[in-house]
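2 protein chains.
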Amino acid sequence: MPLGERAGDKSESRYCGVETEFNDDMPHLLSFNIHGGFDFLVAPLIDPSYRPSLMEQDSSGSGALPFAGSDLVLSPSQWSSHVVGKISSWIDLDSEDETLRKDSEIALKQEIAWASHLSLQACLLPTPKGSSCANYAKCVNQILQNLNSMQLWLRIPLEKSDDETRNPDHMGEGHTDTWELWNSFRLICEHHSQLSVALDVQSTLPSPTSLGRWFGEPVRTAIIDTNSFLTNAQHYPCLSRSHQRLTTAFFSHSIQVVISGKPVHNPPMASLESSASSADNHTEGGWRHPLKSYLDYLAYLYQKMDPLPEQERFELGYRDYLQSPLQPLMDNLEAQTYETFEKDTAKYIQYQRAVSKALLDRVPDDKASTVITVLMVVGAGRGPLVRASLQAAEETGRRLKVYAVEKNPNAVVTLHSLVKLEGWEKLVTIVSNDMRQWDAPEEADILVSELLGSFGDNELSPECLDGAQRFLKEDGISIPSSYTSFIQPVTASKLYNDIKSHKDLVHFETSYVVKLHRIARLAPTQTVFTFIHPEHSAKNSNQRYKKIRFDIPPDTGSAMVHGFAGYFDATLYKDVHLGIEPSTATPNMFSWFPIFFPLRTPVCVTPNTPLEVHFWRCCGSTKVWYEWCVTSPSASPMHNSNGRSHWVGL
Amino acid sequence: MPLGERAGDKSESRYCGVETEFNDDMPHLLSFNIHGGFDFLVAPLIDPSYRPSLMEQDSSGSGALPFAGSDLVLSPSQWSSHVVGKISSWIDLDSEDETLRKDSEIALKQEIAWASHLSLQACLLPTPKGSSCANYAKCVNQILQNLNSMQLWLRIPLEKSDDETRNPDHMGEGHTDTWELWNSFRLICEHHSQLSVALDVQSTLPSPTSLGRWFGEPVRTAIIDTNSFLTNAQHYPCLSRSHQRLTTAFFSHSIQVVISGKPVHNPPMASLESSASSADNHTEGGWRHPLKSYLDYLAYLYQKMDPLPEQERFELGYRDYLQSPLQPLMDNLEAQTYETFEKDTAKYIQYQRAVSKALLDRVPDDKASTVITVLMVVGAGRGPLVRASLQAAEETGRRLKVYAVEKNPNAVVTLHSLVKLEGWEKLVTIVSNDMRQWDAPEEADILVSELLGSFGDNELSPECLDGAQRFLKEDGISIPSSYTSFIQPVTASKLYNDIKSHKDLVHFETSYVVKLHRIARLAPTQTVFTFIHPEHSAKNSNQRYKKIRFDIPPDTGSAMVHGFAGYFDATLYKDVHLGIEPSTATPNMFSWFPIFFPLRTPVCVTPNTPLEVHFWRCCGSTKVWYEWCVTSPSASPMHNSNGRSHWVGL
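Residue numbers (full-length UniProt numbering), protein chains in the order written: chain F, 1 to 650; chain X, 1 to 650.
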């Protein structure tokens, strides 16, 4: 039974599991826990005392392995919907003991083969025993090469107690960052998309920065031990503040929670009647699953989360979905695209505020009725900026003459009907031309445009406005007056895998528009390129080069950089800005998702070694493109040399 | 005029160049230096005072750039055979000064375009000025994407004096390992095959280990400054012992030497008559090139090198040429292959010694005439081991009955004629069968085989001998009695580039047989897998797993590992061994070149961080294969999982 319902949220984190011990009466084990309120089990598939090397000695037997029930006692669909296979935890493929190592390899392959036979959705792989995991990873990697759709969840504790890594023969002695264990394992398995993480949560937690790394990793499940729960005044289990925050973060990142361990709290029986799901408990005459109070607490946490804001709900389907940026100069937008973007009220309110301020600055009150300001909307589309500008004129009592310049002949048709519909014939002149070619009949006081992409200049606003600047008065105003791009390094294994699945270079050298969700932001953003309009300096060029150094906060530990998230912030006019840079983003605006620049080979950053990245904006006669590379901790290849993979046409 | 002639050696290092200053009378400059005894010039292509930004200001001029002579004053073939273009040394693409940076980019592209127009074979790129080189590398990388066949030689000093890297803004302050500068540059340019190194040799040299790294890198040229020369008792220039060793190593690695700088020695005029190439000097009435004494000294060094041994000369054409290992079980060898390998006298002498010792141990002198030892050659080919065994019997006075088992029916034909020709009919029984299937009529005292590959077990000797062991007596002897494989990490940029040129995964997961030459061996070899024959233990398996840790000598500095060189050593019988492991290799044996296991992504190793590598030998029902990965300094992907790219068929 799901933990709760949140409007619009169909995430898997509604389902809660329970880790069980080996039980060869699988039908009973399943019904016990499902009736107890859990959605699925994480259960051992085979008798834990089984060892392949012992079996061979009495080979006179039937040869059947001691599995926990077959596909006859439970139907494949029951197995597949309710059981995650727990691979024998004694397995140790990196042991110095060769017999144990060989037994481990045989048992691992047998259990996975059995789980595949049962069509399980996932298996939980035990935590690597030492700090070395190469042989374990090698076997899992072999298995992954031929696996059906089953997921393998590698169990990784959030923190490893030192005594487990005390083997002096292992390198990196005293090293207890379990993320590094995961990282080695997945690097050997080449970020295989069916290999993910099951996080073991204990009573102590690493720093929030260190925890944050995991949200860019493919974590499917968090296993919370009953020992991690505190006891509240009524003797019920509850979680510490930091555990609550972490659990809520799991829920909002589609990470399923599994409860593990024996009950260690004794809530009073009286509470039965008042419990959230008391109706359920009555069905079997007051019987309660021994872990029910833990489950109830998680359901309580789930249900008290803030509901998803409407915009977030709208954007759910776009989360971590890679889109190619628009080519607005080469391609004409479709009516539907215009319509969607015109609904971004927050954006046009900012434009209206900017035009109002510019009009007030330019025309003193005593000249309001006589001076007519010439305002040109360059890239007018279907007219939203024309409307915002006219509203600004009305609001400030200034007179306006508007030119609406638009290169898309289809949008021009709509513009004409809009002008007619609104009775703007005397105020608005429609120009069907490219602003870079148009021979304007007079000079403008104000040039208004909305040519910005997610990375500011990436839809060639600089080139377009350079072309339009010819017909702006010497002292004229451009709205926006400037814009700046920002980047930050991120862990984004999902995006990396999506790009890798194309198996080519082109996709690794493309920048994508994407609603970032399952990522870890590893350092605060830094500025990249700035453009100012109008630009009067003689030797102006739109080529740019920036070297940026990021220092990863030392309490993060090591982390994987799969690429860079990019944003922009634009100054429309004076203090009126517009942008998506996370710390200053304009609220309730949905026109732009961030941009993502991938790295062909993810870069592992370690504490105290800076991450140094270089970005270039390059301009040719017919196209503009970015190139990028990393030079510290080690040099990456240059990405997108000469714009070979991705560019924006002029 | 070449420095000298060595029998069989056609390497480019015979040619010596000279670095010159800018001179706009190119025909004179060329004739002066060629007549002076040099083979080519490294000469600036353009007036060093030229700056693009200054040109634009007086754009009234003709617009022609101040190049040093056009393709009219020198023919393209003269340009191309005798001139290496020296790119302006003021260029600094990573300067903080934007004007200088932009000037540098324009000038670099103009000069390279001009050099391409002249069909030069190479251009010398100036040393990156600071410790950061990303923008420089980005421009060079753009150029490389569209370059004709011209080579770009990046000038890298062997050691950089600290005052050149004093910029406190640069990371890695105090870092003076110029190899790292090269490494960043080439990583950004993705090991581009047209980008190579010109080493600047000064008066002080790094440690031999540190120098050794360069021999695995694409070094084309070594530029030796006249200041690096010492003065001998007769006032002639000469080099220190370590400089001599280095220069000789350059010569034997096809690295051309260029002399640079002003003459700083004053040899007595009287010596003119006695100089090595005095005939030449007379042609122009005693005129001598001012650097002639340096050139003479290099010619002297070149000529006093030991001549190439015959075997080396024979193997010249195989140097650094990747070959696929044989599939001796699946494919039948050709007669020519048998013929080549049969010529390896050194190998068969060892076999004969081993058989002799085994016969003496097995049959005491007093039974020499009565006991007949049954010796089976498994994999007899065209009979060389049959011959060696019979010679051992003769040498020791023991009686032998030989079975020659061979699966290749074509070789069996040759065996029959050999037996007839030599009159061995009473001694030798020919068996046309696979040793794994043959039903032997009696058991053998001695089993002799030569199934070893470059990596010992890689041609499946273990599987074959396991199959043959059935018909070896309980106390019988196998020759070889054991073999062990060895590996060591190497820098091998040439091999890496050859593999990369295939643009697929398969070639990066294949092991190659290759005569290693332009490589740097970064650590002593370590053992990998050992096999012993006969193998009587019950649970015997030919699967193997080995974790190996290499510590790179700390005075090496950082280095690039492109893969692992593999070797074997076999114990034929007691103290008679056979092998190619460099420190114990059997002299004058040519049957095996080393094996090379590549890494998909080269790994940079730094001092004090161990290199940890794992090798697996995996066995399936129809094939045997290796998997390998690196786990320190960071984890690599698993190579050749499930033998997906490369395997040996059973």
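Each residue gets a CB set at the ideal place from its N, CA and C atoms; glycine is no exception. Computed from a prediction, not measured in an experiment: that's the story for all the values here.
Since residue i contacts residue j with CB under 8 Å, what's their CB separation in whole angstroms?
i, j, result
"residue 665 of chain X", "Cys-619 of chain X", "Residue 665 of chain X falls outside the range modelled here, since chain X spans only 1 to 650, and no answer is possible."
"Val-431 of chain F", "Leu-375 of chain F", "About 13 Å separates the two Cβ atoms, so there is no contact after all."
"Pro-93 of chain F", "Ser-636 of chain X", "It should be pointed out that residue 93 of chain F corresponds to Leu in this sequence rather than to Pro. That pair is no contact at about 18 Å."
"Leu-124 of chain X", "Ala-198 of chain X", "6 Å"
"Val-528 of chain F", "Ile-548 of chain F", "7 Å"
"Val-386 of chain X", "Met-435 of chain X", "At roughly 15 Å, the Cβ-Cβ gap does not stay under 8 Å, so Val-386 of chain X and Met-435 of chain X are not in contact."
"Asn-332 of chain F", "Glu-509 of chain F", "About 26 Å; that fails the 8 Å criterion."
"Phe-486 of chain X", "Asp-569 of chain X", "7 Å"
Output yes if chain X places a C-beta closer than 8 Å to the C-beta of residue i; else output no.
i, result
"Ala-570 of chain F", "no"
"Asn-183 of chain F", "yes"
"Arg-166 of chain F", "For Arg-166 of chain F, the predicted model reports a pLDDT of 42, less than 50, meaning its position is unreliable; a value from the coordinates is still stated below. Answer no: the Cβ-Cβ gap between Arg-166 of chain F and chain X never drops below 8 Å."
"Leu-638 of chain F", "Position check: residue 638 of chain F holds Met in this sequence, whereas Leu was assumed. Yes, its Cβ sits closer than 8 Å to a Cβ of chain X."
"Cys-189 of chain F", "yes"
"Ser-634 of chain F", "yes"
"Arg-544 of chain F", "no"
Any beta carbon from chain F within less than 8 Å of residue i's own beta carbon?
i, result
"Glu-627 of chain X", "yes"
"Lys-547 of chain X", "yes"
"Thr-631 of chain X", "yes"
"Ser-641 of chain X", "yes"
"Arg-241 of chain X", "no"
"Arg-644 of chain X", "yes"
Would you report the Cα separation of residue i and residue j, rounded to the nearest angstrom?
i, j, result
"Pro-534 of chain F", "Asp-475 of chain F", "9 Å"
"Ser-11 of chain X", "Leu-505 of chain F", "37 Å"
"Gly-453 of chain X", "His-562 of chain X", "22 Å"
"Tyr-512 of chain F", "Arg-382 of chain F", "26 Å"
"Pro-610 of chain X", "Gln-323 of chain X", "30 Å"
"Ser-369 of chain X", "Tyr-483 of chain X", "33 Å"
"Glu-425 of chain F", "Val-419 of chain F", "6 Å"
"Glu-273 of chain X", "Phe-40 of chain X", "Confidence at Glu-273 of chain X is low in this model, with a pLDDT of 43, below 50, so the placement of that residue is unreliable and no value is reported for it."
"Lys-500 of chain F", "Trp-179 of chain X", "32 Å"
"Ala-134 of chain X", "Ser-184 of chain X", "8 Å"
"Tyr-567 of chain F", "Glu-394 of chain F", "33 Å"
"Leu-390 of chain X", "Lys-401 of chain X", "9 Å"
"Glu-443 of chain F", "Ala-137 of chain X", "44 Å"
"Val-405 of chain F", "Ser-537 of chain F", "25 Å"
"Pro-208 of chain F", "Leu-158 of chain F", "12 Å"
"residue 698 of chain F", "Ser-193 of chain X", "Here chain F has residues from 1 to 650 only, and residue 698 of chain F is not among them."
"Trp-182 of chain X", "Ala-559 of chain X", "11 Å"
Residues in the stretch 591-622 of chain X having any Cβ partner in chain F nearer than 7 Å: So the list reads Thr-601, Cys-604, Pro-610, Glu-612, His-614 and Trp-616, given in the order they occur along the chain.
Selection of the stretch 199-226 of chain F by Cβ proximity to chain X, strictly under 7 Å: none
Residues of the stretch 130-144 of chain X whose Cβ lies closer than 9 Å to any Cβ of chain F, in chain order: Ser-132, Cys-133, Ala-134, Asn-135, Ala-137, Lys-138, Asn-141, Gln-142 and Leu-144
Three CB pairs or more closer than 8 Å across the stretch 599-606 of chain F and the stretch 143-156 of chain X: no
At least three beta-carbon pairs within less than 8 Å, the stretch 37-54 of chain X to the stretch 15-25 of chain X: yes
Residues, ordered as in the chain, of the stretch 314-325 of chain X that lie near chain F by beta-carbon distance below 7 Å: So the list is empty, because no residue satisfies the distance condition.
The stretch 491-506 of chain X / the stretch 210-220 of chain X touching (three or more Cβ pairs under 8 Å): Touching, per the Cβ criterion.
Three or more C-beta pairs below 8 Å linking the stretch 316-335 of chain F and the stretch 30-37 of chain F: no
contact_flag[the stretch 222-229 of chain X, the stretch 255-271 of chain X] where n(CB pairs < 8 Å) is 3 or more: yes
Segment contact, 8 Å Cβ cut-off, at least three pairs: the stretch 236-245 of chain X with the stretch 586-599 of chain X: no
The stretch 101-115 of chain F touching the stretch 80-88 of chain F, judged by at least three CB pairs closer than 8 Å: yes
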